[in-house]
Amino acid sequence: MRELRYVGDPVLRTPAEPVTDFDRELRRLIDEMFAVMYQADGVGLAGPQIGVGRRLFVYDISNRKGHVINPELTIDDPEQVVEEEGCLSVPGKETGKPLYAPTARAAGVTVRGVDKLGRPVIVKARGMLARCFQHEFDHLEGTLYVDRLGKDERRKILLQTP
Numbered sequence: 001m002r003e004l005r006y007v008g009d010p011v012l013r014t015p016a017e018p019v020t021d022f023d024r025e026l027r028r029l030i031d032e033m034f035a036v037m038y039q040a041d042g043v044g045l046a047g048p049q050i051g052v053g054r055r056l057f058v059y060d061i062s063n064r065k066g067h068v069i070n071p072e073l074t075i076d077d078p079e080q081v082v083e084e085e086g087c088l089s090v091p092g093k094e095t096g097k098p099l100y101a102p103t104a105r106a107a108g109v110t111v112r113g114v115d116k117l118g119r120p121v122i123v124k125a126r127g128m129l130a131r132c133f134q135h136e137f138d139h140l141e142g143t144l145y146v147d148r149l150g151k152d153e154r155r156k157i158l159l160q161t162p
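With the UniProt record's numbering as the guide, the letters of the sequence shown map in order to residues 1 to 162.
So, in structure tokens, the structure goes:
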């Protein structure tokens, strides 16, 4: 099974490439991503977080589970909601668990992409699911949630990572 990549790994800062091959290997990768996410007690996981620089993510949050390949994200409700957010790729050196900080995200989004068979996927989301989609989409752009924090808060979090 693939391992999580952590802050400092260049793959987390590199924009992911589109998925072009919809084959058995892709289906196996998606299964593996769910396994890694569940093992780490996460609710979402993007390809770069396991060293795969491809545009896909998986999620299981708020009674909604799925995956999106080559996603596009649209902000439906730009009202900023500030809530605690953490990331499996930004663990504390003491606990190995994600470090959390108040992070602003849009209240509502729509994600459009395809599934592992190339079929269209459209999911409208609010609340924690919208936060999850924005977080995972950021990973595909080479952005971490700490990049959305103020300078002092970002520094505080990063000083606690391995």
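We put the CB at the ideal spot given by N, CA and C, even for glycine. None of the values given here were measured: they were computed from a predicted structure.
Residues near residue i by beta carbon distance below 7 Å, same chain, minus five either side
i	result
E141	P15
E85	Y100, A101, T103, R131, H135, Y145
Contacting residues, own chain, Cβ-Cβ under 6 Å from residue i (five flanking each side not counted)
i	result
E72	R112
R154	V146
residue 163	The structure shown has nothing for residue 163, since the chain only spans 1 to 162.
T110	T74, D76, K124
V82	P102, A104
Beta-bridge pairing of residue i - partner residues as DSSP gives them
i	result
K65	D60
T103	E83
L17	Reading off the sequence shown, one finds Glu at residue 17, where the question assumed Leu. R54.
P98	P91
I75	V109
V43	Beta-bridge pairing links V43 to no other residue.
V121	G113
Buried or exposed (CB count within 10 angstroms, at least 16 for buried), residue i
i	result
L159	exposed
M1	exposed
L117	exposed
Y38	exposed
Distance between residue j and residue i (C-alpha atoms, nearest Å)
i	j	result
A35	R13	23 Å
G53	P10	10 Å
V7	T161	8 Å
E79	I122	21 Å
F57	D31	11 Å
Own chain residues within Cβ distance below 8 Å of residue i, not counting five before or after
i	result
I157	V90, L99, A101, V146, L149
P18	R54, R55, N70
L4	V36, A40, Q49, I50, L88, S89
Residue-chain proximity (residue i, chain B), Cβ-Cβ < 8 Å
i	result
K97	Within the model displayed, chain B is absent; a lone protein chain is all it includes.
Are there three or more Cβ pairs, one per stretch, closer than 8 Å when the segment 90–97 is compared with the segment 60–69? no
Are the segment 47–66 and the segment 129–146 touching by the rule of at least three beta carbon pairs closer than 8 Å? yes
Tell me whether the segment 96–112 and the segment 128–137 touch, counting them as touching only if at least three CB pairs, one residue from each stretch, are closer than 8 Å. yes
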